[in-house]
Structures are given as C-alpha cells and as structure tokens.
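Contents: one structure, followed by commentary.
In my numbering, the protein residues as written are 23 to 180.
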C-alpha cells in the first residue's frame, strides 16, 4: 500500500477514535442540542459526517455523488457513523484504484469531518455532557480499527 493511502487509513481510524469518543456516553437529549437554538443539532452534525464518508467513497470509486441523508435516531446514527467509516476504509484497504487523489479526498470529506467532530466535542461541553480530554498522540489508533470498539484511553484528564 502506498504511503498516501496508508495515511488516509490512519486518518480514518483517528476519526473513528475521536468521533467515537465525542458521541460515546452522550445523554439522549444531546442529539437535539444545538448550542445556539438553531436546527444544526448534534444529530444533524453526526448525520452530515456519515454523508461525508459516503461521498468520500463515491469519489474514491469514481462515481462521485452527494446525498443529504435524513438523520436517523441517535444510536442508529452512531452506528451509521462507524459503518460509513468501515465501508470507506475497506475500499482504501483494497487494491482498487483511487479515482480521486488522496489529497482531494483528504481536503474535502476527511478534513471537514475533523471539524465536525470538534463541533460535537464543543457541543458536549456546552450541553453539560463534557467529556474528558486526553493526549491523542498517545492513543492506540490503528489503521483498520474504525468500529465502535476502540482501545480505552491511556490517560484522560479534565
């Protein structure tokens, strides 16, 4: 596997780890929280992240298409988040060619998803469901591990 593709896979695993942490243990009411009374709720942001990875996969396969999905119930949307990452990572792990450059895929869908994970983290704090911080450079993040099950943090702090 070439280095760019390997870095994309590691980045997707990082999204799974950090995004999973942002949604894990969130109270039920978090799904409808927006922080500014807008309709851009945590649930809609999470659904958008899933849409980003569906889009990234279409770019990678050469059949680029965008879809604004209707958000699912929170737990199902969390499952969808990991499922879209898994489909994209499976493609990256295969020998199939990338129809778009790794740079284009990164600067669009992947970079945008990192922004939205940060939004979810901030919304948790604003919504009174703060999560603990950690040194992510020490986290056990492994390419291919993009599901719900992640290694526990080595050391969290407030």
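Just so you know, even glycine gets a beta-carbon here, dropped at the ideal spot from N, CA and C.
As the structure is a prediction and not an experimental result, all values here were calculated from the model.
#### Entry: Bounding residues of the alpha helix (DSSP H) (the contiguous stretch that carries residue 177)
Unbroken run through residue 177: none, as it is neither H nor E.
### Query
Can you round the beta-carbon distance between residue 65 and residue 93 to whole angstroms, since I take them to be within the 8 angstroms contact cut?
5 angstroms
### Query
Can you give the Cα-Cα distance for residue 88 and residue 135, rounded to whole angstroms?
15 angstroms
### Query
Count the other CB atoms within 10 Å of the CB of residue 225; is the residue buried (16 or more) or exposed (fewer)?
Nothing in the structure corresponds to residue 225, since the chain is present only between 23 and 180.
### Task
Work out the CA separation of residue 54 and residue 81 for me, nearest whole Å.
Whole-angstrom Cα-Cα distance: 31 angstroms.
### Query
Would you call the CB atoms of residue 120 and residue 31 closer than 9 angstroms?
no
### Query
Rounded to a whole number of angstroms, what is the C-alpha to C-alpha distance between residue 171 and residue 49?
Spanning the two alpha carbons is a distance of roughly 19 angstroms.
### Task
List the endpoints of the continuous alpha helix (DSSP H) containing residue 110.
96-115
### Message
Only counting the same chain, and skipping five residues up and downstream in sequence, which positions put a Cβ closer than 7 angstroms to that of residue 138?
### Response
67, 70 and 71
### Task
Quickly, what does DSSP pair residue 156 with across the bridge? List them, please.
178
#### Entry: Own chain residues within Cβ distance below 7 angstroms of residue 79, not counting five before or after
109, 110 and 113
### Task
State the DSSP-derived secondary structure class of residue 170, mapped to helix, strand or coil.
coil
### Message
Within a Cβ cutoff of 6 angstroms, which residues of the same chain sit near residue 45, ignoring the five residues on either side of it in sequence?
### Response
100
### Task
Starting from the N-terminal side, write out each stretch of the alpha helix (DSSP H) that is 4 residues or longer and does not extend beyond the stretch 59-90.
64-83
#### Entry: Three-state secondary structure (DSSP) of residue 55
coil
### Task
Find the nearest neighbour of residue 77 within the set 27, 96 and 131, judged by alpha-carbon distance.
Residue 131 is the option with its Cα nearest to residue 77.
#### Entry: Reduced DSSP secondary structure (H/G/I, E/B, other) of residue 123
Residue 123 sits in coil when the DSSP states are folded into three classes, being neither helix nor strand.
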